[in-house]
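Q: To convert, count from 1 in the sequence shown and add 156; that's our numbering.
Note that beta-carbon positions come from the ideal geometry of N, C-alpha and C, so glycine has one too.
Since the model is a prediction, treat every value here as computed from it, not as a measurement.
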Amino acid sequence: MWKKKTEAEDMRLVEKNGVPYFVFKNLENTGLVRHGFSTRLGGVSEGFLSSMNLSFTRGDDPEKVRENFRRMGTAIGFETKDLVLSDQTHTANVRRVTEADRGKGFDKEKDYTDTDGLITNVPGLMLVTIYADCVPLYFVDPVHKAIGLSHSGWKGTVHRMGKVTLERMAEEFGTRPEDVQAAIGPSICQDCYEVSEDVAEAFMNEFADHQDDQLVYRKDNGKYQLNLWRANELVLLEAGIRPEYLTITNVCTCCNHELLFSHRASHGQRGNLGAFLGLK
């Protein structure tokens with residue numbers, strides 16, 4: 157059993173065809189999407205990439221990565237030809253994905269860079285972002301039948317990536333935040349996430365109105381512990397997401413490094429996890 161920070165059951169681990177992955181109850185209940193968040197289990201990669209590495213940039217055999225994606229597709233319910241992968245560089249850039257993007261990053265070259273968020277209203281496309289401690293953000297607009305999937309590390313969070321994604325969905329699809337079902341996925345918890353003073357100051361400045369939330373606390377060694385889960389929760393609530401429409405993870409990647417890839421726990425010797433979201 158993995159270590160959970162709370163007893164909330166709005167996110168659960170399922171397994172299909174030997175591939176375990178996390179799903180979110182509120183996203184499932186829309187009936188509109190196929191989605192999941194991978195673990196490091198159920199794939200064919202070897203060594204420190206074992207076994208479900210979903211990145212072509214970690215030194216893995218590309219054919220093993222492709223097989224891992226195929227296995228995720230069999231479990232979640234998508235074909236690899238429908239994948240559209242991000243190009244993450246810790247920005248707050250969000251790209252609208254169209255039919256012309258089908259397959260990019262998997263069997264077609266990407267013609268975009270510096271893209272940490274993807275949004276679409278095209279059924280059948282499967283959006284993918286990758287992780288090894290940073291925060292996955294899922295968005296489903298059941299009114300306009302549109303979705304968003306964004307990667308939010310500390311830089312993305314301090315630049316309010318969740319808000320930016322919702323604003324882009326509003327511009328492109330007419331999305332209203334109060335209609336959106338959202339989820340904050342498995343990522344590093346505050347107890348595990350030590351940061352330097354400059355990072356802590358960036359958060360204290362950006363979230364100055366939330367000092368009581370203890371987003372950051374200082375340790376005796378002069379370092380700070382940062383709460384990315386709560387920071388992203390505040391971003392989404394202030395952007396207009398209803399509290400009852402928001403699922404927040406209770407699973408830390410670093411605490412559960414035997415189940416999930418963690419950059420911190422492995423000192424950089426790791427593969428990448430994948431977040432998947434697609435309209436049926």
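Among Leu-210, Lys-160 and Gly-174, which residue has its Cα nearest to the Cα of Phe-432?
A: For the purposes of this step, residue 432 is taken as residue 276 along the sequence shown, with counting starting at 1. Per the Cα distances, Leu-210.
Q: Since Arg-258 and Val-240 should fall inside the 8 Å C-beta cutoff, what is the C-beta to C-beta distance between them, to a whole number of angstroms?
A: Position 102 of the sequence shown, counted from the start, is the residue given in the question as residue 258. Position 84 of the sequence shown, counted from the start, is the residue given in the question as residue 240. The pair is a contact, with the Cβ atoms about 7 Å apart (cut-off 8 Å).
Q: What is the rounded straight-line gap between the Cα of Val-200 and the Cα of Tyr-401?
A: If you number the sequence shown from 1, residue 200 lands on position 44. If you number the sequence shown from 1, residue 401 lands on position 245. Each residue's alpha carbon lies about 36 Å from the other.
Q: For Thr-245, which three-state DSSP category applies?
A: In the sequence shown, residue 245 corresponds to position 89, counting from 1. Three-state result, Thr-245: coil.
Q: By the DSSP assignment, the beta strand (DSSP E) with Ser-194 in it spans what residues?
A: Taking the sequence shown and counting its residues from 1, one reaches residue 194 at position 38. From DSSP, the beta strand (DSSP E) with Ser-194 extends over 189-194.
Q: How about Glu-328 and Arg-252: are their beta carbons less than 8 Å apart?
A: The residue labelled residue 328 in the question sits at position 172 within the sequence shown. The residue labelled residue 252 in the question sits at position 96 within the sequence shown. Yes, Cβ-Cβ distance for Glu-328 and Arg-252 is below 8 Å.
Q: Closest to His-246 by C-alpha separation, out of Lys-264, Gly-233 and Ser-306, would be which residue?
A: What you label residue 246 is simply residue 90 of the sequence shown in a count that begins at 1. The candidate whose alpha carbon is nearest that of His-246 is Ser-306.
Q: Helix, strand or coil for Met-208 per DSSP?
A: Indexing the sequence shown from 1 puts residue 208 at position 52. Met-208: coil per DSSP, three-state reduction.
Q: Between Arg-226 and Thr-236, how many whole angstroms is the CB-CB distance? I'm expecting something under 8 Å.
A: In the sequence shown, the residue the question calls residue 226 occupies position 70. In the sequence shown, the residue the question calls residue 236 occupies position 80. Indeed, because the Cβ distance is near 6 Å, the residues count as touching under 8 Å.
Q: Can you tell me which of the three DSSP states Ile-303 falls into?
A: Residue 303 sits at position 147 when you count from the first residue of the sequence shown. If DSSP states are grouped into helix, strand and coil, Ile-303 belongs with the strands.
Q: Among the residues of its own chain, which have a CB less than 7 Å from the CB of His-315, if the five just before and after it don't count?
A: Sequence index remark: in the sequence shown, residue 315 carries index 159 (1-based). Result list for His-315: Ala-248, in chain order.
Q: Would Gln-381 and Tyr-373 be called neighbours here (beta carbons separated by less than 8 Å)?
A: Here residue 381 corresponds to residue number 225 of the sequence shown, with the count starting at 1. Here residue 373 corresponds to residue number 217 of the sequence shown, with the count starting at 1. Contact: yes.
Q: How should Arg-168 be labelled, buried or exposed, when 16 other C-beta atoms within 10 angstroms of its C-beta is the threshold for buried?
A: As a first step, residue 168 is located in the sequence shown; it is residue number 12 there, counting from the start. Exposed, since its Cβ has fewer than 16 Cβ neighbours within 10 Å.
Q: In this structure, how does DSSP classify Leu-197 when only helix, strand and coil are distinguished?
A: Translated into positions along the sequence shown, residue 197 becomes position 41. Looking at Leu-197 - three-state DSSP - the assignment turns out to be coil, as it is neither helix nor strand.
Q: Determine the DSSP secondary structure at Tyr-373, reduced to helix, strand or coil.
A: Indexing the sequence shown from 1 puts residue 373 at position 217. Three-state result, Tyr-373: strand.
Q: Within the chosen definition, does the segment 336-353 reach the segment 402-415 through at least 3 CB pairs nearer than 8 Å?
A: The segment 336-353, when compared against the segment 402-415, does touch it at the 8 Å Cβ threshold.
Q: Please classify Glu-389 as buried or exposed, where buried requires at least 16 other C-beta atoms within 10 Å of its C-beta.
A: On the sequence shown, residue 389 is found 233 positions in, with the first residue counted as 1. Classification of Glu-389: buried, given that the 10 Å Cβ count is 16 or more.
Q: Consult DSSP for Phe-438 and reduce its assignment to one of helix, strand or coil.
A: Nothing can be reported for residue 438: it is not among the residues displayed for the chain, which extend from 157 to 436.
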